[in-house]
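Enquirer: My questions all concern the structure below.
Protein chains: 2
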Amino acid sequence: MRDLRTLETFVWVARLGGFRAASARLNTTQPAISARIDQLERDLGVTLFHRGQRPIGLTPEGAVLLDHAEQMLEKRAEMLRAVASPATMRGTLRMGLSETLVHTLLPRLVERIGAAYPAIVLDMVVDITPTLRAGLLAGQIDIAMMAGTVEPGQGVSEPLCDYPLCWVASPRLGLPEGPLRLAELTRWPILSFSHGTNVSADLRRAFAAAPAPGLRLWGSASITAMARLAEQGIGVSVMQEVLVRRELAAGTLRPLTVADVTLPRVGFHVAYLRRPDSHLAAAAARLAHEVAGEPLPDEG
Amino acid sequence: MRDLRTLETFVWVARLGGFRAASARLNTTQPAISARIDQLERDLGVTLFHRGQRPIGLTPEGAVLLDHAEQMLEKRAEMLRAVASPATMRGTLRMGLSETLVHTLLPRLVERIGAAYPAIVLDMVVDITPTLRAGLLAGQIDIAMMAGTVEPGQGVSEPLCDYPLCWVASPRLGLPEGPLRLAELTRWPILSFSHGTNVSADLRRAFAAAPAPGLRLWGSASITAMARLAEQGIGVSVMQEVLVRRELAAGTLRPLTVADVTLPRVGFHVAYLRRPDSHLAAAAARLAHEVAGEPLPDEG
DNA sequence: AGAGGTTACGGGCAGCGTAAGGATC
DNA sequence: GATCCTTACGCTGCCCGTAACCTCT
Chain A
472 MRDLRTLETF
482 VWVARLGGFR
492 AASARLNTTQ
502 PAISARIDQL
512 ERDLGVTLFH
522 RGQRPIGLTP
532 EGAVLLDHAE
542 QMLEKRAEML
552 RAVASPATMR
562 GTLRMGLSET
572 LVHTLLPRLV
582 ERIGAAYPAI
592 VLDMVVDITP
602 TLRAGLLAGQ
612 IDIAMMAGTV
622 EPGQGVSEPL
632 CDYPLCWVAS
642 PRLGLPEGPL
652 RLAELTRWPI
662 LSFSHGTNVS
672 ADLRRAFAAA
682 PAPGLRLWGS
692 ASITAMARLA
702 EQGIGVSVMQ
712 EVLVRRELAA
722 GTLRPLTVAD
732 VTLPRVGFHV
742 AYLRRPDSHL
752 AAAAARLAHE
762 VAGEPLPDEG
Chain B
472 MRDLRTLETF
482 VWVARLGGFR
492 AASARLNTTQ
502 PAISARIDQL
512 ERDLGVTLFH
522 RGQRPIGLTP
532 EGAVLLDHAE
542 QMLEKRAEML
552 RAVASPATMR
562 GTLRMGLSET
572 LVHTLLPRLV
582 ERIGAAYPAI
592 VLDMVVDITP
602 TLRAGLLAGQ
612 IDIAMMAGTV
622 EPGQGVSEPL
632 CDYPLCWVAS
642 PRLGLPEGPL
652 RLAELTRWPI
662 LSFSHGTNVS
672 ADLRRAFAAA
682 PAPGLRLWGS
692 ASITAMARLA
702 EQGIGVSVMQ
712 EVLVRRELAA
722 GTLRPLTVAD
732 VTLPRVGFHV
742 AYLRRPDSHL
752 AAAAARLAHE
762 VAGEPLPDEG
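Chains as they are written, first to last, in this note's numbering: chain A, 472 to 771; chain B, 472 to 771.
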């Protein structure tokens, strides 16, 4: 037994309950997993799994090994933290983000991560918060930056930044500068975040306080697409100002004031699971905090 | 860093103070050690050794790594002890023995080790006790079974068995059955163990108590060779009875009684150093105790 | 029948040993 | 100049991925 990767494979098969799932997690093929477990069992002279159960079951020896193997991997991580220079840190970081953050944090964050950890591979998923949270808990992504948290027992969530929402619309709608009431806007659909998101729920709550018959709330997983629709005069949009700075500057969108609705702020958090191998996620979270603490750069 | 052998290599280079020494210890070539350390340094992005010092010096990062690496190797050993079946235990056990034990314990011990640990390779050295002790302390052998101990601070020594010494000579010398005095034997050289051994020193002390001018003490690192000389009537021999059972049974040697010398018993011990990787040595010592506890089998 | 694990086979690459080339005392 | 480490190079053997096969539910 001189190969820690074999142990890592064993641990993932045990955690995920199958060879196939482990192969997906470890970016390799299923026969490769078979071969590694096979070799480990031959090396130790012990059967580790009861095959033909779903999920696959550990033998008593397997259970003992799992405990020791996890400790060994933890020791390795500790050792690397102590002596390895960050520049040589290997591995893949699977990162999930809300679209808003793509327009704010992401460019600088990618740059920082690339500078600090040039040898790691960054995988990226942009989706709405509930999907990201599920992906995080299912182990499909390693770190999520989203408009929400995970349960404290499930992982680490830390507040990152928040952005106010604002009303914007195309000037061609001919809306006045002065304060409006929500009811004056119901001719158009309200373009905002996808149903199922926290922001969408918060907006519904805010709108419920104002009398507005015939309110149509359109949602999209792509908020940029909604901004495009608003520019074309299809509707009135509620979104973070940071997403439409360029359009506001260019005059293709202009801000509105709606007196009878108090828009919530949207708070973003960075979240990751507490795993022996979540060191990279923690490092990325630290960099995200740094970036979030800086002012937004001017658009180029 | 997924290769524990690389870490093991690093640890041995650090312990032995050089690449060449480590290559000898690990049964490989010196360039292989160079390559492994090189890879480790590139992996970690850190320099581990100050080259061009003798003995080679650890950098601060190297010192930190050494600590962690030794812990990892200890954890591996612990894990293997917990789950690996003995039949799959790999490695080489370098065993040193006194010649006497070759004629008593060794055949059964080799059989036992082979049965319990079929996958290990047994290297053997037969030599006198001082040489074995030095070899053990220098790390050239892993376990020694010899007529002596090591300092408690240096390692583990456990009593194994002891055998009485006896006088034997060829019948052709025409010596009487009855009690003799040492002075009657000085016509012949006394054939016994090599100078420098404890047994040799003990014999000198025993002989000093009896008046025997012209005493010639011949020593040999091969006690069997001395038995052969005694058979041919060259001299009178003092050795363990177990070494000449066959010759006594065949009548080519016969026992003498020497009234004015009290021969000491020779106590044999098994000794090994307390190292993280001395698990095999400890296991072999256990088997040696078992074998020593059994009566000697009849000669075939 | 479909999902999951095993077996078979060809190809790529890491690591070894031999041998020659510096560097340091 | 002796000792020790590094570099160069050809080779072996391991491990991977593709693909076909087997085995449960």
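Note that the Cβ used here is the ideal one computed from N, Cα and C, for glycine as well.
With a threshold of 8 Å between beta-carbons, can A/G516 be considered close to chain B, or not?
Expert: In the first sequence, residue 516 of chain A corresponds to position 45, counting from 1. By this cut-off, A/G516 is an interface position.
Enquirer: Which word fits A/A698, buried or exposed, when buried means at least 16 other C-beta atoms lie within 10 angstroms of its C-beta?
Expert: Stepping through the first sequence from its first residue, residue 698 of chain A is reached at position 227. Classification for A/A698: buried.
Enquirer: List, in chain order, every chain B residue whose beta-carbon is nearer than 9 Å to that of A/T559.
Expert: The residue you call residue 559 of chain A lines up with position 88 of the first sequence. Neighbours of A/T559 on chain B, chain order: R513, D514, L515, G516 and V517.
Enquirer: Got a sec: is the Cβ-Cβ distance from B/E541 to anything in chain A below 8 Å?
Expert: Within the second sequence, numbered from 1, the residue matching residue 541 of chain B stands at position 70. No, because no Cβ of chain A sits closer than 8 Å to the Cβ of B/E541.
Enquirer: Determine, using beta carbons only, whether B/R687 comes closer than 8 Å to chain A.
Expert: Within the second sequence, numbered from 1, the residue matching residue 687 of chain B stands at position 216. So, not an interface residue.
Enquirer: Could you pull the start and end residues of the alpha helix (DSSP H) that A/W483 belongs to?
Expert: Here the question's residue 483 of chain A lines up with position 12 in the first sequence. Taken as a continuous stretch (DSSP letters only), the alpha helix (DSSP H) holding A/W483 covers L475 to L487.
Enquirer: Do the CB positions of B/A752 and B/M616 come within less than 8 Å of each other?
Expert: Translated into the one-based positions of the second sequence, residue 752 of chain B becomes position 281. Translated into the one-based positions of the second sequence, residue 616 of chain B becomes position 145. No, the Cβ-Cβ distance between B/A752 and B/M616 is not below 8 Å.
Enquirer: Starting from the C-beta of A/R565, find all residues in its chain whose C-beta is less than 6 Å away, skip the five residues before and the five after it, and write them out in chain order.
Expert: Here residue 565 of chain A refers to the residue found at position 94 of the first sequence. For A/R565, where only same-chain residues beyond five positions count, the Cβ hits under 6 Å are D594, I612 and D613.
Enquirer: Within 10 Å of its beta-carbon, does B/G649 have 16 or more other beta-carbons around it, so buried, or fewer, so exposed?
Expert: For the purposes of this step, residue 649 of chain B is taken as the residue at position 178 of the second sequence. Exposed, because fewer than 16 other Cβ atoms sit within 10 Å of the Cβ of B/G649.
Enquirer: Should A/S556 be flagged as near chain B, meaning a C-beta pair shorter than 8 Å?
Expert: Sequence index remark: in the first sequence, residue 556 of chain A carries index 85 (1-based). At least one chain B Cβ lies under 8 Å of A/S556.
Enquirer: I need the straight-line Cα distance from A/L727 to A/L551, nearest angstrom please.
Expert: Locating residue 727 of chain A in the first sequence gives position 256, counting from the first residue. Locating residue 551 of chain A in the first sequence gives position 80, counting from the first residue. Rounded to the nearest angstrom, the two C-alpha atoms are 53 Å apart.
Enquirer: So with CB distances below 9 Å, who are the chain A contacts of B/V535?
Expert: Numbered from its first residue, the second sequence carries residue 535 of chain B at position 64. Under the 9 Å cutoff, chain A gives M550, A553 and V554.
Enquirer: For A/V592, count neighbouring C-beta atoms within 10 Å of its own C-beta (all shown protein chains included) and say buried if the count is 16 or more, exposed if not.
Expert: Numbered from its first residue, the first sequence carries residue 592 of chain A at position 121. Per the 10 Å Cβ criterion, exposed.
Enquirer: Contact criterion: CB-CB distance below 8 Å. Does A/R565 meet it with respect to chain B?
Expert: As a working mapping, residue 565 of chain A is identified with position 94 in the first sequence. So, not an interface residue.
Enquirer: Please confirm if B/D633 has its CB atom under 8 Å from at least one CB of chain A.
Expert: Position 162 of the second sequence, counted from the first residue, corresponds to residue 633 of chain B. So, not an interface residue.
Enquirer: Can you tell me whether A/Q711 is helix, strand or coil according to DSSP?
Expert: In the first sequence, the residue the question calls residue 711 of chain A occupies position 240. It is a strand residue.
Enquirer: Leaving out five residues on either side along the sequence, give the residues of the same chain with a beta carbon under 6 Å from the beta carbon of B/E712.
Expert: Position 241 of the second sequence, counting from 1, holds the residue named residue 712 of chain B. So the list reads C637, once near-sequence residues are dropped.
Enquirer: On the three-state DSSP scale, how would you describe A/D633?
Expert: Translated into the one-based positions of the first sequence, residue 633 of chain A becomes position 162. Residue state, collapsed to three classes: strand.
Enquirer: Could you check whether the segment 719-736 of chain A touches the segment 546-560 of chain A, counting it as contact only if at least three pairs of C-beta atoms, one from each stretch, sit closer than 8 Å?
Expert: The answer is no - the segment 546-560 of chain A does not touch the segment 719-736 of chain A, with fewer than three Cβ pairs under 8 Å.
Enquirer: Just curious, the alpha helix (DSSP H) that A/D538 is in, first and last residue?
Expert: Position 67 of the first sequence, counted from the start, is the residue given in the question as residue 538 of chain A. First-last of the alpha helix (DSSP H) with A/D538: P531 to V554.
Enquirer: Check whether the Cβ of A/A754 lies closer than 8 Å to any Cβ atom in chain B.
Expert: What you label residue 754 of chain A is simply residue 283 of the first sequence in a count that begins at 1. No, its Cβ sits nowhere closer than 8 Å to a Cβ of chain B.
Enquirer: Can you check whether the C-beta of A/E770 is within less than 8 Å of a C-beta belonging to chain B?
Expert: As a first step, residue 770 of chain A is located in the first sequence; it is residue number 299 there, counting from the start. Any reading at A/E770 is ruled out, since the residue's pLDDT is 47, under 50, leaving its predicted position unreliable.
Enquirer: Of all the alpha helix (DSSP H) runs that stay within the bounds of the segment 570-611 of chain B, which reach a length of 4 or more residues?
Expert: Counting only runs of 4 or more, we get 570-575, 577-587 and 600-608.
Enquirer: Any C-beta of chain B sitting closer than 8 Å to the C-beta of A/I584?
Expert: Reading the first sequence from its first residue, position 113 is the one you call residue 584 of chain A. Answer no: the Cβ-Cβ gap between A/I584 and chain B never drops below 8 Å.
Enquirer: Going by CA-CA distance only, name the one from B/N669, B/G585 and B/P660 that's closest to B/T600.
Expert: Locating residue 600 of chain B in the second sequence gives position 129, counting from the first residue. Selected option, being the one with the closest Cα: B/N669.
Enquirer: For the alpha helix (DSSP H) that A/G738 lies in, which residues bound it at each end?
Expert: Locating residue 738 of chain A in the first sequence gives position 267, where the first residue counts as 1. A/G738 -> not in any alpha helix (DSSP H); beta strand (DSSP E) instead, spanning R736 to L744.
Enquirer: Applying a beta-carbon distance threshold of less than 8 Å, which residues of chain B neighbour A/L475?
Expert: In the first sequence, residue 475 of chain A corresponds to position 4, counting from 1. By Cβ distance, chain B contributes M472, R473, D474 and L475.
Enquirer: Strictly below 8 Å CB to CB, what residues from chain B border A/R547?
Expert: Your numbering for residue 547 of chain A matches position 76 in the first sequence. Per Cβ cutoff of 8 Å: M472 and M543.
Enquirer: Is it the case that the Cβ atoms of A/H740 and A/L631 are separated by a distance below 8 Å?
Expert: Position 269 of the first sequence, counted from the start, is the residue given in the question as residue 740 of chain A. Position 160 of the first sequence, counted from the start, is the residue given in the question as residue 631 of chain A. In this structure, A/L631 lies closer than 8 Å to A/H740 by Cβ.
Enquirer: Once you ignore the five residues that flank A/D673 on each side, which residues in its own chain have a CB closer than 7 Å to its CB?
Expert: The residue given as residue 673 of chain A occupies position 202 in the first sequence. The residues are P735.
Enquirer: Using the three-state DSSP reduction, which class does A/T559 fall into: helix, strand or coil?
Expert: In the first sequence, the residue the question calls residue 559 of chain A occupies position 88. Three-state result, A/T559: helix.
Enquirer: Where does A/E770 sit, in a helix, a strand or coil, going by DSSP?
Expert: Taking the first sequence and counting its residues from 1, the one referred to as residue 770 of chain A is at position 299. Confidence in A/E770 is poor, its pLDDT being 47 and thus under 50, which makes the residue's placement too unreliable to answer from.
Enquirer: Looking at the C-beta of B/E622, does it have a partner C-beta in chain A at a distance below 8 Å?
Expert: In the second sequence, the residue the question calls residue 622 of chain B occupies position 151. Chain A, which has no Cβ nearer than 8 Å to the Cβ of B/E622, makes this no.
Enquirer: Residues in its own chain within less than 7 Å of A/V762 by CB, not counting five upstream and five downstream?
Expert: Position 291 of the first sequence holds residue 762 of chain A. Hits under 7 Å: L576, R579, L580 and R583.
Enquirer: Grouping DSSP H, G and I as helix and E and B as strand, with all else coil, what is B/V517?
Expert: Mapped onto the second sequence, residue 517 of chain B falls at position 46. B/V517 falls in the coil class under three-state DSSP.
Enquirer: Please return the same chain residues whose Cβ sits closer than 8 Å to the Cβ of B/R525, not counting the five positions on each side in sequence.
Expert: Working through the second sequence from its first residue, we reach residue 525 of chain B at position 54. So the list reads G488 and G489, once near-sequence residues are dropped.
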